[in-house]
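Read the structure below first, then the notes.
2 protein chains.
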Amino acid sequence: MVTLAEVAQHAGVSASTVSYVLSGKRSISVSTRQRVERSIQELGYHPNAGARALASSRSNIIALMVPLRTDMYVPVMMEIAIAVATNARAHGYDVLLLTGEEGPDAVRRVTGSGLADAMILMDVELDDERLPLLRATDQPSVLIGLPADTTGLTCVDLDFGATGALCAEHLALLGHRDIAVIGEAPAVYERHTGFAERTLDGLRSRSRELGLRVLHRPCEGGYDAMALTLARILDERPGTTGFVVQNESAVEPLLALLRQKGRAVPEDVSVIAICPEQVATQASVRLTSVAIPAQDMGRHAVERLIAKLEGRGEDEVVLIAPELTVRASTGPAPAAP
Amino acid sequence: MVTLAEVAQHAGVSASTVSYVLSGKRSISVSTRQRVERSIQELGYHPNAGARALASSRSNIIALMVPLRTDMYVPVMMEIAIAVATNARAHGYDVLLLTGEEGPDAVRRVTGSGLADAMILMDVELDDERLPLLRATDQPSVLIGLPADTTGLTCVDLDFGATGALCAEHLALLGHRDIAVIGEAPAVYERHTGFAERTLDGLRSRSRELGLRVLHRPCEGGYDAMALTLARILDERPGTTGFVVQNESAVEPLLALLRQKGRAVPEDVSVIAICPEQVATQASVRLTSVAIPAQDMGRHAVERLIAKLEGRGEDEVVLIAPELTVRASTGPAPAAP
DNA sequence: ATTCACTGTCGAAGCGCTTCGACAGCTATG
DNA sequence: CATAGCTGTCGAAGCGCTTCGACAGTGAAT
Numbered sequence: 119m120v121t122l123a124e125v126a127q128h129a130g131v132s133a134s135t136v137s138y139v140l141s142g143k144r145s146i147s148v149s150t151r152q153r154v155e156r157s158i159q160e161l162g163y164h165p166n167a168g169a170r171a172l173a174s175s176r177s178n179i180i181a182l183m184v185p186l187r188t189d190m191y192v193p194v195m196m197e198i199a200i201a202v203a204t205n206a207r208a209h210g211y212d213v214l215l216l217t218g219e220e221g222p223d224a225v226r227r228v229t230g231s232g233l234a235d236a237m238i239l240m241d242v243e244l245d246d247e248r249l250p251l252l253r254a255t256d257q258p259s260v261l262i263g264l265p266a267d268t269t270g271l272t273c274v275d276l277d278f279g280a281t282g283a284l285c286a287e288h289l290a291l292l293g294h295r296d297i298a299v300i301g302e303a304p305a306v307y308e309r310h311t312g313f314a315e316r317t318l319d320g321l322r323s324r325s326r327e328l329g330l331r332v333l334h335r336p337c338e339g340g341y342d343a344m345a346l347t348l349a350r351i352l353d354e355r356p357g358t359t360g361f362v363v364q365n366e367s368a369v370e371p372l373l374a375l376l377r378q379k380g381r382a383v384p385e386d387v388s389v390i391a392i393c394p395e396q397v398a399t400q401a402s403v404r405l406t407s408v409a410i411p412a413q414d415m416g417r418h419a420v421e422r423l424i425a426k427l428e429g430r431g432e433d434e435v436v437l438i439a440p441e442l443t444v445r446a447s448t449g450p451a452p453a454a455p
Numbered sequence: 119m120v121t122l123a124e125v126a127q128h129a130g131v132s133a134s135t136v137s138y139v140l141s142g143k144r145s146i147s148v149s150t151r152q153r154v155e156r157s158i159q160e161l162g163y164h165p166n167a168g169a170r171a172l173a174s175s176r177s178n179i180i181a182l183m184v185p186l187r188t189d190m191y192v193p194v195m196m197e198i199a200i201a202v203a204t205n206a207r208a209h210g211y212d213v214l215l216l217t218g219e220e221g222p223d224a225v226r227r228v229t230g231s232g233l234a235d236a237m238i239l240m241d242v243e244l245d246d247e248r249l250p251l252l253r254a255t256d257q258p259s260v261l262i263g264l265p266a267d268t269t270g271l272t273c274v275d276l277d278f279g280a281t282g283a284l285c286a287e288h289l290a291l292l293g294h295r296d297i298a299v300i301g302e303a304p305a306v307y308e309r310h311t312g313f314a315e316r317t318l319d320g321l322r323s324r325s326r327e328l329g330l331r332v333l334h335r336p337c338e339g340g341y342d343a344m345a346l347t348l349a350r351i352l353d354e355r356p357g358t359t360g361f362v363v364q365n366e367s368a369v370e371p372l373l374a375l376l377r378q379k380g381r382a383v384p385e386d387v388s389v390i391a392i393c394p395e396q397v398a399t400q401a402s403v404r405l406t407s408v409a410i411p412a413q414d415m416g417r418h419a420v421e422r423l424i425a426k427l428e429g430r431g432e433d434e435v436v437l438i439a440p441e442l443t444v445r446a447s448t449g450p451a452p453a454a455p
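Protein chains in written order, with the working numbering: chain A, 119 to 455; chain B, 119 to 455.
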């Protein structure tokens, strides 16, 4: 293993000079710099991470806590995780992957051990038990998701309230009057992750303004659960002509069921999905959708975090504006019979 | 920040004693151990990761390289990644998330800097450019996937050859004679990740033995691509009664299209999917499937790696035996008209 | 009683790096 | 021409931990 000292000797300078070449924290003459860089190249030198962390008390690592549950919006999670890793690398940071399993202990462990310089938490619940720890420590952190109380925290999330409102507006504009929301699984609401409720709130309040009637039904996803849910909805509100789906695994079943029941999309009923682009474009009907901007969320989270690490930037809530893309699954409400 | 020395002072022992309590590498009297442990508790001590890594030249970190592409079998990747993280933690290791982006350089960087003690590579291609590096270094590694040449490497993967064979057997047993394989996107074959080819090979050779006729068509996934692919297949081999699908995003479109064409599943045609359990159970028809055992793969990979880190275990190829679960999408071939 | 082998503890020497203060050799300034 | 202020480099002091050898104390074996 090549060390700083060996590079220094090879280049005929002192170790500190090599260090300064590497960090750029003091000016170095061009000739020396080049000599050192050549030596680094020739010897294939890589600074030792542990020694560096010890001496500088900075690990250049960002911890990313992902939820342990793999049962929900998984592709989004993965996309965020990868976006975080990619953006972090671009800023010279590596990413440590923590699962939610350890819960608050993971936060303690990471902060206490100096394993990471900062952390990003995904899937934050409204009243998350990790939040007090984050507020107490001076280690920078960013949440992806929006807890109930955001004081002293930096959060990044899609503006789900605006997303709900946007869906209501689109359907109202098309003349729909009775709409149904196919929500996430009941467990998601019980866990109070927040985003589902916020979507619903936004949608409901805008609907009220626009005179839409809204029926909300959580749904486990999958074909059978969707069949049951749809039957109940149509039973209760036969005149429903608009659907907003916030559950990836209910999308395709819903489309199949509507087809099966002879309700044409978008002629008879309109469907809006809140889902990743890929799902919307690959579904059996090209779906009008509000995209979940996983990449953006990852990128923003890293950028906020880097800003904090560099002393710039303060606590703030970044809500990404939703964008509705009209595709083939929504159209004018059918004339009342 | 609490240090070893402070704990030592608080407990009235020397620093080395505390260290030995922590590592268990020398015997410590019960009374001393308890005193030290109490001090650790009271002070809320967490060993500094950097210092530890420097002194012991072991970071207790495993690097996990995931593919950058988020366009394919993503949930499987995520599940593997989480299984890796969870199992690694159980062995006292943390996981560093690397994206494929950096390619071979990431391997150099990690090995060179001592950032991680070992690495797991996902999505290994048949002739992966990272392999020479892995063979050259003495850092333990495990591949998830199977390259062309496995000498000097440890690999974990589903036995895709046996998977293909299993599918052929199941369909043959049910009396099918003409079967079609809906494969992964052409890009997957061009990239030579191997698993798709191995599946096909296994399926073809067993089919030959069993007298099945096989038509293989790669498919991008999504509704339109699937529609085109299916049309071609039925055009070329109208008598096709069995389908094997190895592309998650083609599954639901295929089912919808078959329904639409009036071909009932499983009465008229049988469908086997090679996909995660969740996809199989949540599809619009409960699918007979061969599961992709993501959790097992992650677990095996970590276990192999730990074994190597502890000096036990040598290079080997672990092929996980496929399991076919019969559900509602396969049945006896219809009597010839 | 003497030796021997443990057991439990300590002190000290690093691990490879960053960073602070020092300083030699300049150039610009009064 | 002395002085001040740069610029570029160096030496040395740690960062917090692990680990090696040393050794005091104890009990067993001689």
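Ideal Cβ placement from N, Cα and C applies to all residues, glycine included.
Are the C-beta atoms of Leu252(A) and some chain B residue less than 8 Å apart? At a cut-off of 8 Å, the C-beta of Leu252(A) has no neighbouring C-beta in chain B.
Check each candidate in Pro440(B), Glu327(B) and Asp319(B) and name the one with the smallest Cα separation from Ala290(B). Nearest in C-alpha terms to Ala290(B), of all of Pro440(B), Glu327(B) and Asp319(B), is Glu327(B).
Let me know the secondary structure DSSP gives Cys337(A) once reduced to three states. Coil at Cys337(A), not helix or strand.
Do the CB positions of Gly449(B) and Ser388(B) come within less than 8 Å of each other? Taking the C-beta atoms as reference points, Ser388(B) is found nearer than 8 Å to Gly449(B).
Cα-Cα, which of Asp342(B), Met240(B) and Leu251(B) is closest to Gly230(B)? For Gly230(B), the nearest C-alpha among the options comes from Leu251(B).
Cβ pair count under 8 Å reaching 3, the region 352 to 363 of chain A against the region 339 to 357 of chain B: Counting C-beta pairs closer than 8 Å gives fewer than three between the region 352 to 363 of chain A and the region 339 to 357 of chain B, which falls short of the contact rule.
Any contact of the region 162 to 171 of chain A with the region 136 to 151 of chain B, i.e. 3+ C-beta pairs under 8 Å? In this structure the region 162 to 171 of chain A does not lie against the region 136 to 151 of chain B, because fewer than three pairs of beta carbons, one per stretch, are closer than 8 Å.
What does Arg227(A) reach in chain B if we use C-beta pairs closer than 8 Å? In chain order: His164.
Assign Cys119(A) to one of two classes, buried (16 or more other C-beta atoms within 10 Å of its C-beta) or exposed (fewer than that). Checking the displayed sequence, the identity of residue 119(A) turns out to be Met instead of Cys. With fewer than 16 Cβ atoms within 10 Å of its Cβ, Met119(A) is classed as exposed.
With a Cβ-Cβ cutoff of 8 Å, do Leu321(B) and Ala283(B) count as a contact? Yes, the Cβ-Cβ distance between Leu321(B) and Ala283(B) is below 8 Å.
Assuming Ile180(B) and Ala236(B) form a contact by the criterion Cβ under 8 Å, report the distance between their Cβ atoms to the nearest whole angstrom. About 5 Å; that satisfies the 8 Å criterion.
Should Gly270(A) be labelled buried (16 or more other beta-carbon atoms within 10 Å of its own) or exposed? In this structure Gly270(A) is exposed. Its beta-carbon is surrounded by fewer than 16 other beta-carbon atoms within 10 angstroms.
Is Arg286(A) helix, strand or coil by DSSP? The amino acid at residue 286(A) is misidentified as Arg; the sequence shows Ala. Note: Ala286(A) maps to helix in three-state DSSP.
Do Leu122(A) and Val136(A) have their CB atoms nearer than 8 Å? Contact: yes.
Please classify Leu292(B): does DSSP put it in a helix, a strand, or coil? If DSSP states are grouped into helix, strand and coil, Leu292(B) belongs with coil.
With respect to the beta strand (DSSP E) encompassing Ala453(B), which residues constitute its N-terminal and C-terminal limits? Element bounds for Ala453(B): n/a, residue is neither H nor E.
Alpha carbon to alpha carbon, what distance is there between Ala382(B) and Ala446(B)? Whole-angstrom Cα-Cα distance: 11 Å.
If we cut at 8 Å on Cβ distances, does Ala374(B) have a partner in chain A? Look at Ala374(B): its C-beta is under 8 Å from a C-beta on chain A.
So that I know if they touch, is there some Cβ in chain B lying closer than 8 Å to that of Gly441(A)? Before going on, a small fix: residue 441(A) reads as Glu here, not Gly. For Glu441(A), the answer is no, since every Cβ of chain B falls outside 8 Å of its Cβ.
For Asp212(A), decide whether its Cβ has a neighbour in chain B, counting only Cβ atoms nearer than 8 Å. At a cut-off of 8 Å between beta carbons, Asp212(A) contacts chain B.
State the start and end residues of the unbroken alpha helix (DSSP H) segment that holds Asp223(A). From DSSP, the alpha helix (DSSP H) with Asp223(A) extends over Pro222 to Ser231.
Compute the distance between the beta-carbons of Met196(A) and Met415(B), then report whether it is under 8 Å. For Met196(A) and Met415(B), no; Cβs fall outside 8 Å.
What residues match up with Gly301(B) in a beta bridge as DSSP calls it? Gly301(B) is bridged to Pro336(B).
Note down, in chain order, each residue of its chain lying with its Cβ closer than 6 Å to the Cβ of His310(A), except the 5 sequence neighbours on either side. Excluding positions up to five away in sequence, the list reads Glu243 and Leu244.
Considering just the uninterrupted stretch of the beta strand (DSSP E) at Asp277(A), what are its terminal residues? Bounds of any beta strand (DSSP E) do not take in Asp277(A), whose DSSP letter is neither H nor E.
What residue from Asp246(B), Arg422(B), Ala303(B) and Ala453(B) has the CA that sits closest to Ser259(B)'s CA? When only C-alpha atoms are compared, the closest one is Arg422(B).
Flag this pair as touching only if the region 220 to 227 of chain A and the region 429 to 440 of chain A have three or more C-beta atom pairs under 8 Å; answer yes or no. Touching, no, given that fewer than three Cβ pairs across the two stretches are closer than 8 Å.
Across which residues does DSSP place Leu346(A) in a beta bridge pair? For Leu346(A), which the question treats as bridged, DSSP gives no partner whatsoever.
Pro304(B) classed as buried or exposed, judged by whether at least 16 other C-beta atoms fall within 10 angstroms: By the neighbour-count rule (16 or more Cβ atoms within 10 Å), Pro304(B) is not buried but exposed.
Residues near Leu233(B) in its chain [Cβ-Cβ closer than 8 Å; skip 5 each side]: Ser177, Ile179, Ala181, Leu214 and Arg227, listed in sequence order.
Give a yes or no on whether the minimum CB-CB distance between Val420(B) and chain A is below 8 Å. No, Val420(B) lies away from the interface with chain A (no Cβ there is under 8 Å from its Cβ).
Could you give the first and the last residue of the continuous alpha helix (DSSP H) run that contains Ala374(B)? For Ala374(B), the enclosing alpha helix (DSSP H) starts and ends at Glu366 to Gln378.
Are the CB atoms of Pro394(A) and Leu276(A) within a distance shorter than 8 Å? Against a cut-off of 8 Å, the Cβ pair of Pro394(A) and Leu276(A) comes out as no contact.
Which term fits Gln257(B), buried or exposed, when burial requires 16 or more other beta carbons within 10 angstroms of its beta carbon? Flag for Gln257(B) reads buried.
In chain order, what residues of the same chain have a beta carbon less than 6 Å from the beta carbon of Ala391(A), not counting five sequence neighbours either side? Val363, Val369, Ala398, Leu405 and Ser407.
In whole angstroms, what is the alpha-carbon distance linking Ile262(A) and Glu287(B)? If you draw a straight line from the Cα of Ile262(A) to the Cα of Glu287(B), it is about 47 Å long.
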